[in-house]
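Undergrad: For the record, in the sequence shown the residue sitting at position 64 is 64 according to UniProt numbering, with numbers rising by one throughout.
From the three backbone atoms N, C-alpha and C, an ideal C-beta is built for every residue, glycine too.
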Amino acid sequence: MSCIRTPPKQTENIIPPSKTPPRPGAGKTVRRSLEKWEAAMAESTTSKATTQPAPTAKKLTTHKGKSPQNKKIANTNTSPLIVSTCGTRVEEARALVAKAKTTISLARNMKTEYKDSLLSFLDGLKELVVASEAALEAERARKEEVGTGGVESVNIDTDSTITVARDPGLSARLEEHSRLLTENTNKMRDLQGRLNSCCESLGAQQKTYAGVVATKPQPTGSSALHSVIITSRNEKDTGEEVLTKVRNTINAKEGWVKIERVRKAKDRKVVMGFGSPGERDKVKKKLAGEGIGLVVEDVKNRDPLLVLKAVLSVNTDEDIVKALRNQNKDLFRDLDPGDDRILIKYRKKTRNPHTVHVVIGTSPTLWSRITGMGSVHVDLQRVRAEDQSPLVQCTSHCGGLHHKAECAEWVAGVPPTCRNCKKAKLESFEHNAFSSSCPVRKRWDELARSAVSYC
């Protein structure tokens, strides 16, 4: 059977109750409202601001217990910031820098790195003031003593002395330099003007794609020559003998005439071409005066050709000529009677069975006017007028005995090839025989145009 022991009564280390009497009215602690507390704080702040007394002058009192360091701080704060007894700006800057350094050194609650930075800033400001004063003094002295020689020292109340050198020939060199600058400026302006004019001329000569496309195609090849045919009255003379007689009679090595071309033709004939009618007339007179049995005949150049595109086939040749003269009177204005000629040469078929291409021959003057306009009015139409080559080609399909519809290559869709280039054993023949890029056709076209007068 267990027993329960009663602990002894502790009479030591008992904390005595607090003898402080309870505050009157202190019962339950109730937390005040935050809004009421903020309102009370705002009212107290407003009352303090409105009831603030006027400032009164404080009397400086000397306390016996003040330390000498505190006395230094008080003296520094009460001293004026700008020293009026200083004579120059440099002295004022020095005094202000010294006072600022003293004030910074007495500050106890500032970090050392901040103090060092402020001191370096003050030294920099002092150097700037000293340098500006030295520059002003040197400029003032230079203006007062322009043209004088020697070396003068301008001493300013600073840590250093600035020495300014005087050159007696400085003004002369400056004037010479100014003159050279003026001459070079004038030359540069002249050069700029020339460059602008060159750029304008190049811009005027430069062709654009639209301008090239808008130009009318002109006939290629050399201009027509003024030719004569020379034969011999003696039927026994060969072509070589006739040419020898012509060479001996003319003797072009003397330089009195210029002959462009000479060649032998069939039936014992010699053809000579000249660049102008004057050269031709001189040779004719020379051959007629010698009387060696030679006969000279003029070769009349052919008229250039034009093609009128897609003219209605109901118009006859007389209708087309009449329409050209009556509906295009500007072409025939101020035209010489010898140049007023139009002749219908032939017609070419088109894909449209109701239209044809009409090829006409005109004088060189009319040819240039019509090609310059590019189109003419014919009856109820305005048709295009273009240059027509005098070359006449065979229209056989591929040089065989069959027609185009019966050609096996055309039916199979084989690309066309140029028969003329193949015959000439040229490398490139992947084009049509009527193509303008065919070299053989170009050579033939130049030969055909050599007998045509375009001017």
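For A265, which residues does DSSP report across the bridge?
TA: Position 265 of the sequence shown, counting from 1, holds the residue named residue 265. For A265, which the question treats as bridged, DSSP gives the partners K269.
Undergrad: Quick one: Cα of residue 456 to Cα of E240, how far?
TA: Lying before the first or after the last residue shown, residue 456 is absent from the chain, which here runs from 1 to 455.
Undergrad: Taking just the CA atoms, how far does K345 sit from D319?
TA: For this step, residue 319 is matched to residue 319 along the sequence shown. For this step, residue 345 is matched to residue 345 along the sequence shown. Cα to Cα, the separation comes out at about 14 Å.
Undergrad: Among D339, H377, A424, which one has its Cα closest to the Cα of S453?
TA: As a working mapping, residue 453 is identified with position 453 in the sequence shown. The shortest C-alpha separation from S453 is found at D339.
Undergrad: What's the gap between the Cα of K284 and the Cα of V296?
TA: Indexing the sequence shown from 1 puts residue 284 at position 284. Indexing the sequence shown from 1 puts residue 296 at position 296. Answer to the nearest angstrom: the Cα atoms are 7 Å apart.
Undergrad: What does the Cβ neighbour count give for M272, buried or exposed, with the cut at 16 atoms within 10 Å?
TA: Residue mapping note: residue 272 aligns to position 272 of the sequence shown, counting from 1. The residue in question, M272, is buried, as its Cβ has 16 or more Cβ neighbours within 10 Å.
Undergrad: Return the Cβ separation of S276 and H354 in integer angstroms, given the expectation that the two are a contact with Cβ distance under 8 Å.
TA: Counted from its first residue, the sequence shown places residue 276 at position 276. Counted from its first residue, the sequence shown places residue 354 at position 354. At roughly 47 Å, the Cβ-Cβ gap does not stay under 8 Å, so S276 and H354 are not in contact.
Undergrad: Near S437, what residues of its chain come up, given a Cβ to Cβ distance below 7 Å and the 5 sequence neighbours on each side ignored?
TA: In the sequence shown, counting from the first residue as 1, residue 437 sits at position 437. Correct list, in chain order: H431.
Undergrad: Counting Cβ pairs, one atom from each stretch, are 3 or more of them under 8 Å apart for the segment 251 to 270 and the segment 307 to 317?
TA: They do not touch, by the three-pair rule.
Undergrad: Take S435 as the anchor and find which of S389, V411, K349 has the nearest alpha-carbon.
TA: Counting from one through the sequence shown, the residue named residue 435 turns up at place 435. Looking at the Cα atoms, S389 is the closest of the given residues.
Undergrad: Cutting at 8 Å between CB atoms, please list the residues of its own chain near L287, excluding the five before and the five after it.
TA: As a working mapping, residue 287 is identified with position 287 in the sequence shown. Excluding residues within five positions, the ones whose Cβ falls inside 8 Å are I230, V246, T249, I250, L294, V296.
Undergrad: If you compare alpha carbons, which of F429, K404, N196, N328 is closest to R382?
TA: Working through the sequence shown from its first residue, we reach residue 382 at position 382. Among F429, K404, N196, N328, the Cα nearest to that of R382 belongs to N328.
Undergrad: Pull up the DSSP beta-bridge partners for V314, would you.
TA: Within the sequence shown, the letter at position 314 stands for residue 314. Bridge partners of V314: none, in fact.
Undergrad: Which whole-angstrom value describes the C-beta separation of D303 and L391, a residue pair presumed to lie in contact below a C-beta threshold of 8 Å?
TA: Looking up residue 303 in the sequence shown gives position 303. Looking up residue 391 in the sequence shown gives position 391. That pair is no contact at about 15 Å.
Undergrad: Nearest to G374 by alpha carbon, out of W367, R384, T365?
TA: One-based indexing of the sequence shown puts residue 374 at position 374. When each option's Cα is compared against that of G374, the closest is R384.
Undergrad: In three-state DSSP terms, what is D303?
TA: Reading the sequence shown from its first residue, position 303 is the one you call residue 303. Here D303 sits in coil by DSSP.
Undergrad: Which of the three DSSP states, helix, strand or coil, is assigned to Y454?
TA: Looking up residue 454 in the sequence shown gives position 454. Correct three-state label for Y454: coil.
Undergrad: Measuring CB to CB, does residue 460 end up less than 9 Å from V440?
TA: The structure shown has nothing for residue 460, since the chain only spans 1 to 455.
Undergrad: Taking the continuous alpha helix (DSSP H) assigned at L195, which residues delimit it?
TA: If you number the sequence shown from 1, residue 195 lands on position 195. Segment 170 to 205, the alpha helix (DSSP H) holding L195.
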